[in-house]
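Colleague: Numbered according to the numbering used here, the sequence shown spans residues 914 to 1149.
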Amino acid sequence: MRIPRAAVVIAAAVLMGAVGCTNQITGTATQDPTQPPLARSDDGYGIVAGYPDAPVQIELYTEPQCSHCEELQSSYGNDIERYINLGQLAVTYRPVTFLDTPSTDHHSARVANAMFLAVGAPESTDEADMSSGPEFQRFVEDLWAHQEPGGPGPSDEAMARMAQESGIPDDVAGKIRDGDSADDVDIDEMAAYNYGALIGIDPITTGTPTVYDLSTQEKVDVHDDDWLDNLMGSSV
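(1) Is it buried or exposed, A924, if we count other Cβ atoms within 10 angstroms and call 16 or more buried?
(2) For L951, which three-state DSSP category applies?
(3) Determine the direct distance from the alpha carbon of F1049 to that of D1069, and round the result to whole angstroms.
(4) Please go through the same chain and pick out, in chain order, the residues whose beta-carbon is closer than 8 Å to the beta-carbon of M1145, but skip the five residues on each side of it.
(5) Am I right that A1104 and V1009 are in contact with their C-beta atoms under 8 Å? What's the rounded C-beta distance?
(6) With which residues is P903 paired in a DSSP beta bridge?
(7) For A1058, count neighbouring Cβ atoms within 10 angstroms of its own Cβ and tell me buried if that reaches 16, exposed if not.
(8) Three-state secondary structure (DSSP) at T1017?
(9) Are at least three pairs of beta-carbons, each pair with one atom in the stretch 1121 to 1133 and one in the stretch 979 to 999, less than 8 Å apart?
(10) Which of helix, strand or coil does DSSP assign to L1141?
(11) Around the C-beta of D1137, are 16 or more other C-beta atoms found within 10 angstroms, so that it is buried, or is it exposed?
(12) Roughly how many angstroms separate the alpha carbons of D1134 and A967, rounded to a whole number?
(13) In the DSSP assignment, find the unbroken alpha helix (DSSP H) run with D992 in it and report its ends.
(14) Run the CB neighbour count on S1016, radius 10 Å, all protein chains shown included, and call it buried at 16 or more, exposed below.
(15) Which class does D1134 belong to by DSSP, given the choice of helix, strand or coil?
(16) Looking at E976 and C934, is the spacing between their C-beta atoms short of 9 Å?
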């Protein structure tokens, strides 16, 4: 059972000081109908890549400096994109930022902000300001491939270039380049909410990456090399 939002924020505020990426306790935009959509989650703190009626729906909790999250993207990112493109999978990305320290220059928060910028402006109907689910998935893969754990991370210019190379519209990539703040989302509040929800899923071995199956409401064992194929097979 998911915990209430208020409890989530309170729990996250207490435990946001945790470090390490595993085993640690401490608007919707109109999209191009030919492409799987990209949108904010209903609570505003997640990014949904894929069709809302996709047979497999998961949440993916991820930290921009987490090396295990990079391994997941490098190993499964292409398949995740393929399943999104086929309309078989929708992934709600829920970034957390608990590895940020004074020495990282807000690395995780900056990457999370760029992710929300990539969605485009909420309620926009301008095609120049909208991205698709597969484009976003490619952007995520590139961001995690260029992480710098414990360091400042990619520059705004570098993230904008990754966005453009992933197919994110130029107008959206320009906002990333300019270091704009994502519309209608407070990154600190988002991170607290998502981290609290992560604790609600697994309060004992809280960490990233965590994949949560929204159908069964169970944590997926990503240590099983076949976890994604098993999920997709279960939808047939």
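C-beta: ideal position from N, C-alpha, C; glycine also.
Modeller: A quick look at the data gives this:
(1) At A924, the pLDDT of 42 sits below 50, so the modelled position is not reliable and the matter cannot be decided from this model.
(2) strand
(3) 17 Å
(4) V969, Y996, Q1001, L1002
(5) 5 Å
(6) This structure leaves residue 903 out entirely; the chain is present only between 914 and 1149.
(7) exposed
(8) helix
(9) yes
(10) helix
(11) exposed
(12) 21 Å
(13) 980 to 998
(14) exposed
(15) coil
(16) yes
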